[in-house]
Amino acid sequence: MQLDTLTVHRLSELLEKKEISSLELTQNYLERIHQIDNDLQAFVTVTKDEALAQARLMDEKRLRGEELSPLAGIPMTIQDTICTAGVKTTCASKMLHHYIPPADATVVDRLKKAGSVLIGKSNLDEFGMGSSTENSAFQNTKNPFDFARVPGGSGGGAAAAVAAGEAAFALGSDTGGDIRQPAAFCGVIGFKPTYGYVPRTGLISYASSLDQIGPFAQDMTDAALILNTICGHDAWDSTSASVDVPDFRKSLINDIKGLKIGLPKEYFEAGMVPEVAAKIQEAVRKLEELGASCVEVSLPHTEYAVIAHYAISCAEASSNLARYDGVRYGLRVEGEDVLNMFMKTRSQGFGTEVKRRIMLGTHVLSSAHYDEYYTEALKIRTLNKQDFARVFEQVDCLLTPATLTTAFKKGELTGDPLAMVRSKSCTLPANLAGLPAMSLPYGVIDGMPVGLQLIARHFDEKTLLRVGYTLEQTTDQTRPKPNLTRQ
114 MQLDTLTVHR LSELLEKKEI SSLELTQNYL ERIHQIDNDL QAFVTVTKDE
164 ALAQARLMDE KRLRGEELSP LAGIPMTIQD TICTAGVKTT CASKMLHHYI
214 PPADATVVDR LKKAGSVLIG KSNLDEFGMG SSTENSAFQN TKNPFDFARV
264 PGGSGGGAAA AVAAGEAAFA LGSDTGGDIR QPAAFCGVIG FKPTYGYVPR
314 TGLISYASSL DQIGPFAQDM TDAALILNTI CGHDAWDSTS ASVDVPDFRK
364 SLINDIKGLK IGLPKEYFEA GMVPEVAAKI QEAVRKLEEL GASCVEVSLP
414 HTEYAVIAHY AISCAEASSN LARYDGVRYG LRVEGEDVLN MFMKTRSQGF
464 GTEVKRRIML GTHVLSSAHY DEYYTEALKI RTLNKQDFAR VFEQVDCLLT
514 PATLTTAFKK GELTGDPLAM VRSKSCTLPA NLAGLPAMSL PYGVIDGMPV
564 GLQLIARHFD EKTLLRVGYT LEQTTDQTRP KPNLTRQ
C-alpha cells in the first residue's frame with residue numbers, strides 16, 4: 114500500500130482500524146522526504162525526532178482506546194511563516210535564520226491538540242513576498258509535475274510537499290493568492306477562509322489586513338476536516354471573528370441543483386491562455402449538467418485590484434518589517450554605531466524583493482504621496498468590496514480561473530516584478546474583500562495542472578465545499594498526480 118498517495122480521511126480510517134500505526138505512517142513520509150526532497154526542496158526544516166515522538170504518543174493513546182480526532186497521527190507540514198514552539202521559524206529569510214519561537218501559533222496548537230504530527234516546515238518566498246518560491250533565502254522549490262517550472266508562491270513549498278506525497282496536508286498563509294496560486298500550479302486544493310475565521314496569532318505578518326491562514330489539501334473531505342480544527346475565535350487575535358463554526362463535513366453534499374454561479378467577465382478577458390479557458394468552460398458545462406445555473410456577472414473594478422493590492426500590501430509590509438532592527442531578535446550585524454548597525458542588519462538580512470517592497474511601502478506612506486497612492490488604493494479596495502456585495506445579491510458563488518496560465522518556467526518572470534504580481538490577478542481581489550476562496554484542480558494541460566477558483570460570501574465556506582465536492586464526485590479531473598520518477 115502506497116501510503117503517501119492516500120488522503121487524510123483514508124489514512125484516518127486505516128489508523129482507526131489499526132491496519133497501520135502512526136509511527137509507521139510518519140516513518141513512511143520521512144522516508145519519502147529523504148528520497149525526493151534534495152531535488153524538490155520543499156522543506157526548510159524536517160522535524161524527524163519530534164515527529165516520531167508525537168507519532169508514538171498517538172499510537173499509545175489509540176491503544177488505550179482514547180477518542181481521537183480524525184487528524185490524530187496524520188503527518189503535516191507548516192509553512193515557515195507560522196510559529197512553531199522549539200522549531201526554527203525563518204520566513205525563508207536570513208533575518209530570521211536562527212529564530213526559534215517560544216510558543217506555537219494558535220493554529221499549530223489546535224492541530225497538535227488534535228493529534229497531528231508536525232513533520233517539518235515548508236519553504237516559501239521570503240516573508241511571503243513572491244509568486245514563485247524563487248525569493249527564498251535558502252533554496253528554490255521545484256514544481257513536482259516539472260522540475261523546470263515553479264511551484265507558485267509564496268507557499269510553493271507547502272503545495273509541492275502535499276502534491277509530491279511528502280505530507281498528508283499543509284498550512285500556509287494567503288495574502289493575495291499565496292495558497293491558491295501554488296495549489297493550482299501543483300494540482301492540490303488551496304483554501305483561503307474568510308478573513309478572521311482562522312486566527313492569525315503566531316503568524317509572522319506580511320500585510321495584516323490581507324493575510325489569512327488556510328490549508329493545502331488533497332480532496333474536499335480533507336479540507337473540511339482541517340477547517341473543522343483551525344477555524345474559530347481566538348481572544349489573542351483582535352481581528353478574529355466571533356462566529357460559530359459548523360461541522361464542515363456536513364457541507365460535503367453531492368448536489369448543486371438550483372445553485373446560481375456567477376462568471377465574472379473581467380476574469381475571462383485579457384491574458385488567459387486558450388487551453389486554460391477551454392478547461393474552465395468545460396467545468397462550467399459540467400456544473401450546468403449537474404443542475405447549477407451559470408450566469409455572466411461583472412466586477413468592474415477588478416482591473417484596478419492588482420495595483421491597489423500592491424500598494425496596500427507594501428505599505429503594511431514596510432510597517433510590519435520595521436521591527437527587524439537587529440536589537441530585539443533575528444539577525445544582528447555589528448556596526449560602528451547604532452545607525453550603522455541598523456543599516457547593515459537590514460541590508461544584509463533582507464533579500465532583494467523584500468527590500469523592494471519595503472521601499473515602495475515607505476514611499477506610498479510618505480506624507481508627499483499618502484493621498485496619491487495609499488488613500489486611492491483604499492478607495493479601490495472599498496469599491497472592490499462593493500462590487501462583490503452587489504454580485505452576491507444575484508448569485509450564490511463565483512467561478513473563475515485560479516490562474517491565467519499553468520506554472521511558468523523557473524526564471525521566466527524574475528526580471529519583471531509586476532508580471533510576477535499579475536500572475537495572481539485572479540486571486541488578489543478576494544483578499545481585498547476578505548472573502549473565502551478556493552482553488553480546485555481541474556485537469557491538466559501538457560502534463561501541468563489547471564486550477565479553477567470558487568469565491569463565496571463572507572463565512573459561506575460551506576458553498577465552496579459543496580460545489581467542490583460535487584465536481585470531485587462527478588469528474589475525474591480533480592486529483593492530478595505527478596510522476597516524480599520521470600524528473
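In my numbering, the protein residues as written are 114 to 600. Backbone N, C-alpha and C define an ideal beta-carbon position, used for all residues, glycine too. Quick caveat: nothing in here was measured; it's all calculated off a predicted structure.
Residue pairing by DSSP places R262 opposite K522 in a beta bridge. Judged by beta-carbon spacing, L565 lies beyond the 8 Å limit of A520, meaning their Cβ atoms are not closer than that value.
Under the three-state reduction of DSSP, E388 is assigned to helix. Exclusion of the five residues before and after T576 leaves D509, C510, A569 as the residues of its chain whose Cβ lies within less than 7 Å of its Cβ.
Per the Cβ contact rule, the stretch 213-228 is not in contact with the stretch 546-565 (fewer than 3 Cβ pairs under 8 Å). Out of Y487, G443, I146, the CA that lies nearest to the CA of F455 is found in G443. For V121, the closest of L165, M189, D324, F304 by C-alpha to C-alpha distance is M189. Under the three-state reduction of DSSP output, F240 falls in the helix class. Contact between the stretch 452-469 and the stretch 205-212 is established, with three or more Cβ pairs separated by less than 8 Å. Here the C-alpha atom of H422 lies approximately 29 Å from the C-alpha atom of Y212. Ranked by Cα distance from E239, the first of Y483, K498, D193 is D193. Put simply, of T591, D172, G371 the residue whose alpha carbon is nearest the alpha carbon of L553 is T591. Following the DSSP letters along the chain, one finds I493 inside the alpha helix (DSSP H) bounded by residues 489-504.
By the C-beta density criterion, N367 is exposed, having fewer than 16 other C-beta atoms within 10 angstroms. For G270, the uninterrupted alpha helix (DSSP H) segment begins and ends at 269-276. Taking the C-beta atoms as reference points, T158 is found nearer than 8 Å to K234.
Contact between Y142 and G241 does not hold, since their C-beta atoms are separated by about 25 Å, which reaches or exceeds 8 Å. In this structure R313 does not touch A337 by the C-beta definition: roughly 21 Å separates them, more than the 8 Å allowed. Counting C-beta atoms within 10 angstroms of its own C-beta, A435 has fewer than 16 neighbours from the protein chains shown and is therefore classed as exposed. Cα atoms of H571 and N248: separation of roughly 32 Å, rounded to the nearest angstrom. When beta bridges are read from the DSSP output, T254 appears opposite no residue.
At the C-beta level, I149 and A277 come within 8 Å of one another.
A Cβ-Cβ contact shorter than 8 Å links L412 with F501.
With respect to L578, S364 sits close: the two C-beta atoms are nearer than 8 Å. In the assembly as shown, L584 is a buried residue. Its beta-carbon has 16 or more other beta-carbons within 10 Å. Closest in C-alpha terms to Y582, from the list Y555, N596, K594, comes Y555. Residue environment for D162: exposed (fewer than 16 other C-beta atoms within 10 angstroms of its C-beta). In summary, Q115 is exposed, with fewer than 16 beta-carbon neighbours lying within 10 Å of its beta-carbon over all protein chains present. Within the stretch 342-388, the complete beta strand (DSSP E) runs of at least 3 residues fall at 373-377. In the structure shown, V563 adopts extended strand secondary structure according to DSSP, grouped into three states. In the structure shown, D291 adopts coil according to DSSP, grouped into three states. In this structure the stretch 478-492 does not touch the stretch 523-540; the number of beta carbon pairs closer than 8 Å is below three. Of the residues R469, A543, T513, G524, the one whose Cα lies closest to the Cα of Q499 is A543. Fewer than three pairs of CB atoms, one per stretch, sit closer than 8 Å, so the stretch 370-384 makes no contact with the stretch 335-351. Assigned with DSSP and collapsed to three states, P530 falls in helix. Here G285 is actually not in contact with D217; their C-beta atoms are around 16 Å apart, not less than 8 Å.
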